[in-house]
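One structure below.
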Amino acid sequence: MDKMSKVIEKRSSVRSSITKLVKRVQALGEETEDLNSLSELLELIETKEEILKKYDSEVEDLITDPEKFKVELKGSEEYDDKILSAKIKLKSKLKTFTEKTVQESHPGLNKSNISENAASALKLPKLEIPRFSGDSNFMEFFGCFDSAIGSNDSLSKIEKFQYLKSLLSPPADNVVAGFELNEKNYDSCLELLKQRYGRTDFIINSYMSKLLNLEPVRNSSHVKSLRRLYDEIEVNIRNLRALNVTEGSYGHLLNPLLLKLLPQDLVLDFHRKRSKDKNCEVSEIMTFLRNEVESREICESVTSNPKSSETKRTFSQNCQNFQTYQRNYSKPKNVSTAATLHTQLIKKRYPVVCLQLQSRHDSSKVYKLEALVIEIISNLSLNNPDLSTLRKLKEKNIQLADSFENEIPVDILVGSDSFWDIVYDEKIRVTDNIWLINSFFGWLLGGVGKGNNSDESCQNVCLVMDSSSILFDLSKFWEIEEFPNETRGLSERDDQLIRNFENNLEFNGQRYVCKLMWKENMGPPVELDSNYEVAKKRFNSLCNKLNKNPEISDQYKQIVKDQLESNIVGKCVNEDIKSGYYMPHRAVIRDDKITSQVRIVYDCSSKANEDKKSLNDSLETGVNLYVNILDAILKFRENQVAFCGDLEKAFLMIEIAEEDRKYLKFLWFPNDTVNSTQTFQLNRLPFGLTTSPFALTCVIKFHIKKFKDDYPKCYEMLNSLYVDDLYYGAETAQDAYQLTSSAIEILRSAGFNLRKLRTNCSELNKLWCENGYEENTDHGQGSGFLGLNWDPIEDKIKLNLRDVRNSLESGIANGTTKRHVLRIISQIFDPCGLISPFVITVKILMQELWEKGLKWDEQLPSGLEKKWRTWCSELAHIDNLQIERKLFSNAGMSEISLHVFCHASPKAYGAVAYFRYITEGRVKVSFIISKSKVAPLKTLTLARLELMAALIAARLAKYLLNTFPSLTKEIFLWSDSKIVLHWLKGSSKIWKPFVSNRVAQVQLLTPPNCWNHCSGSENPADFTTRGESTRKFLTSSLWWMGPAWLSQPVQSWPVQCLPNPPDGMCGEEVIASERRRTAIVNTMVTTTNDDNCISGCIDIDKYSNLGKLLRVTAWVRRFVHNAKPGPLKLSGPLCASELQEALYSWIKATQLKHFGRELKQLLSKGIISRDSSIYNLNPELDDNQLLQLKGRLEFSNEEVRAKHPWLLPTKDKFVKLLILDAHVKMCHLGVDGTLTQLRE
């Protein structure tokens, strides 16, 4: 007899015994057994169950046939069910027997439990525990759960955990979603739920929110609504009282809100009756409301007729269609109309009336119909027919249904369901377009009539506004205070775009020729429509506008004529309207420009419909190669001699390749007549292409590279061009002349013309005139300067607030809204922070508007509107602000040092920077830049805000040192917070994360010994945090020159102390509260020579997925590998071999755990002992020292693992994960599929 037969025979004996025991349990009566016999029977069944499970496991391990394995599993499950049923019945008997014994042995308990037992004899309704979804009813839910399930000792923790999960719904179920089902996790999840939803502050906020969002009652006759309101208020107040939150702590807030919920007549009555000697209290309002509700309920019950308590239910067709709950619904009237089910909604909104229509000629004829009453039937009026037609009909004695005396609007619109009941079959043709139709009311006229205002055209304009654009403007407003990104670099794709563009560039001897940058370098897409119809309509509209404005029309025509003569524009040879792309064009008028007041702009974003692509959609935008505008402004202020100029028609100086010009077609009339419209094309780069800015900058940078070695200073200057504008400087007029003359020649060699030169130096002007260079002849106006205004004569800079003033004037009539405020302040361009004390006021105001949750078009509250108007009234004083362009008064300067001051208030924080230098033996100070920010909405301590101000100061200092690397190496940073200085001059690791991270950043940007202390009254950064009127800060020497001691010798500066903690209890408490808690940890490291054993450092019980287990194992093995000495270090993503090694390590660990003795015997002796449980399987070691079986397929052509499978135990967590992974990979197939996958 083989081993399987022996095991089956033993198991049959055990099964027989279990069957007898189960029959004995089933035969138990009500009073036949005692406690001891029941306990013995239960213990005997459990013992037999353990033995049976052992034999079942052995049999399952020995079965190799899948079909027999299925039959075996089914038989085992049947016996498990029998045993479970018997155990449940026995446990129930034991519980009943125990309770009965307790009652008999303690008679005193019977009296107290008589009523309870009597009540339990009644069939009470089933109590259901409410589901919990994360609201404020957690305490109610937890009480029900704890009394029914949590305190039930008969349930295990796993069963309680299952009940808990089933009673949670989103989002509360997310708290326990990731926990495995075990006893330890039940307590953890319960604690998490208490921490999340059982917090007192969370529940209090929830009850307060309910009180603040109650639905008001508008009519005092609605007694049920008043009762509902009273009950809701009372419930929430009592709940708050239970949490020790009395009415005294919130009554002053709640009183006016409660009165707003009541009808106006009740509020009036309340104020009449209440005592005027004391303040209004919540209890007083509630007492009044309770008396009113009770009185009205009594009155209603006495005076009203008794009605059935049963509410009639009416089926709502609307709810069926729209899957919604209809709060107030009445049965619809049965109206016979041709409306579909969905249009039945109209019946609820508009009343249905019954109409009687009579004929004007025969009053006995009446036609009845039902109609909907709506506000507007049609905006059209009925047009009268020609008088001649009416005259002919009158001569023939034809009685018309209408008199046609006046043009009147439509009163009744008859639907097609009633129309054919009104009209008859008889009809007469009057003219080619008009018919007479006989009807119930008389003869009707129908057909095509003469419309009103037929000579005028109607244009429909659809304006789509995206709220994201508002948020974009808002983000730009806040980001103006950010510093340029020092680490900004080009991505690999950006580099590739530049290389592709430069490779396609050609020089024809006069100018550069470039190709259009199609996306993905694939040429024009199929979806690119010619756009001819749209361009034609837009051109006709342009012609109408030009005809109304002859002056603009003449300039427009002259521009096109000049471009034709200059070959910028050319006649299109191929006028096929289906090929290429037609660009609509329009005039852009700039009154502020001295030259080129009218500019033609081409709309390359136009497209025929949404399914087609525009030209801009098909082109690459390119890379932003512009210099930072703040860098350009500061560089412009550095030198004594400044000059500026621009490139004449820069975009049009770049030629487009011949094959791409058909995509730049447009319509024009060369002979001043619209009828002679022809197709032209642009031969040059137009302003309006999405790729034009990149193409211009890239062409210039590509060209000037050739002169980098011969003209290094000129190359540096031209590399700082901002689009087509040049702003630069030099120390002397001769240096400036050399730069400009070299730049003119270099740019001229590429076809560009640098013109409109302007400077603050008369000597440089003279040199330009002598050499025939084009100057800006208008010396009466200031020059536009990167968003600012520069007056070269006085060499001063002003802010450009023209757009702000225009917006203020245009917005007065529309009222002050949040949208209006944002529109104004987003137009303030002050990159150097010259008026930060003025701007910070409106930034704080904007934050207050945001906190109040005002809508974009909602009127500002009176208090905030007053602040806004005060700010606007001071805006005019900014026009008088002028500062010196030069940072340094003359060239002979020494001992230049940088000083940055920082400060914070509860509302804002900021920093301001100055240059201090010595010239002609005198100390001079010049204002450079300031930055300010509003404090976060989340409340921070003043010390933390001061630290954030210090971080801004450090970034500002680092930025200025990079911008002016050759000017100064000595910096001083000043703060009036001793707490911040104490943090900065110590280690950052001893503080909590918020402080530690920012201290580390400051220390990385600036040396700690650069930080100094100054008094708050002498800190100019104070202006950037509290705001100040324009009159004060514009004349303040503290703001423009820094503290008085900064202009004095160093010996007069504030005396600095050692970085000790600040004095006073407040400072010590702040420092102590920010100190990181430390813990002493003793670590013991052990090593093992078995590199393959991973189970000691990774807890496999925490994983439910084989893939994740193997990835974590692979990362651990890589770390161990890289920690060992050796030249080869692994990096990058995990590779397949690492995951394979991780699998081997877990197989080895599993085999060591279950077959450790056999592995050692095979390694040492090459054979295992006969008493081993796996001896008959004939195991051996493979190349990876893993146990595998020889089997009978050794000489087959199968894969190695099919011939020699690894040996793994039946009950192990890793084996379960392995089986589960195979089961999932086979899309949850049965046992056969899973086994097949595992064996492969």
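Okay, so the sequence shown: first residue is 1 according to the UniProt record's numbering, each after it adds one. Even glycine gets a Cβ: it sits at the ideal position worked out from N, Cα and C.
Check	Outcome
Residues that Tyr367 bridges to, as DSSP identifies them	Leu357
Touch test, the segment 578-585 against the segment 524-531, Cβ-Cβ under 8 Å, three pairs minimum	yes
Rounded straight-line distance, which links the Cα of Phe202 to that of Ile244	The sequence given here has Asn at residue 244, not Ile. The straight-line gap from Cα to Cα measures roughly 14 Å.
Sub-8 Å separation of Val980 and Ala943 beta-carbons	yes
Lys91 (DSSP reduced to helix, strand or coil)	helix
Simplified DSSP assignment, three categories, for Thr679	strand
Beta-ladder partner(s) of Ile600, from DSSP	Ala587
Backbone secondary structure at Thr963 - three-state DSSP	helix
Whole-number beta carbon distance between Ser932 and Gly833, since they are thought to touch under 8 Å	7 Å
At least 3 beta-carbon pairs within less than 8 Å: the segment 1107-1116 vs the segment 1126-1143	yes
Length of the line joining the Cα atoms of Leu696 and Asn628	17 Å
Length of the line joining the Cα atoms of Thr287 and Trp991	54 Å
Cβ-based burial, Ile878 [other Cβ within 10 Å; buried from 16]	buried
Bridge partners - Glu50, DSSP secondary structure assignment	DSSP output for Glu50 lists no bridge partner at all.
Contact set for Lys665: own chain, Cβ-Cβ below 6 Å, skip 5 residues either direction	Cys572, Gly580, Tyr582, Thr679 and Gln681
Chain D contact for Pro1125 (CB, 8 Å cutoff)	Looking for chain D here will not work: only one protein chain is present.
Best match in Lys515, Ala587 and Lys855 for proximity to Arg538 [C-alpha to C-alpha]	Ala587
Buried versus exposed, by CB contacts within 10 Å (16 or more), Lys92	Note that residue 92 is Ser in the sequence shown, not Lys. Counting Cβ neighbours within 10 Å, Ser92 comes out exposed, since fewer than 16 surround it.
Spatially closest choice to Lys843 from Pro861, Glu858 and Ile824, by CA coordinates	Ile824
CA-to-CA distance, Ala1044 to Lys886, given in whole angstroms	21 Å
Same chain, Cβ closer than 7 Å to Arg511, five either side skipped, listed in chain order	Met653, Ile654, Glu655, Ala750 and Gly751
Exposure of Lys798, with buried meaning 16 or more beta-carbon neighbours within 10 Å	buried
Simplified DSSP state of Ala954, which is helix, strand or coil	helix
Cys832 in three-state terms, based on DSSP	coil
Meets three-Cβ-pair contact criterion under 8 Å: the segment 855-868 and the segment 1003-1012	no
CB of Leu973 within 8 Å of CB of Val1050, strictly	no
Cα-Cα separation, Lys607 to Asp495	30 Å
Inter-residue spacing [alpha-carbon to alpha-carbon] between Val526 and Phe501	23 Å
Inter-residue spacing [alpha-carbon to alpha-carbon] between Arg661 and Leu685	10 Å
The segment 733-742 touching the segment 708-723, judged by at least three CB pairs closer than 8 Å	yes
Leu757 versus Ile835: straight-line alpha-carbon distance, rounded	30 Å
Reduced DSSP category for Gln827 - H, G, I as helix; E, B as strand; rest coil	coil
Where the beta strand (DSSP E) containing residue 1274 begins and where it ends	Since the first residue shown for the chain is 1 and the last is 1240, residue 1274 is missing from the structure and cannot be characterised.
Pairwise C-alpha distance: Asp646 and Arg499	27 Å
Reduced DSSP category for Val999 - H, G, I as helix; E, B as strand; rest coil	helix
Reduced DSSP secondary structure (H/G/I, E/B, other) of Thr19	helix
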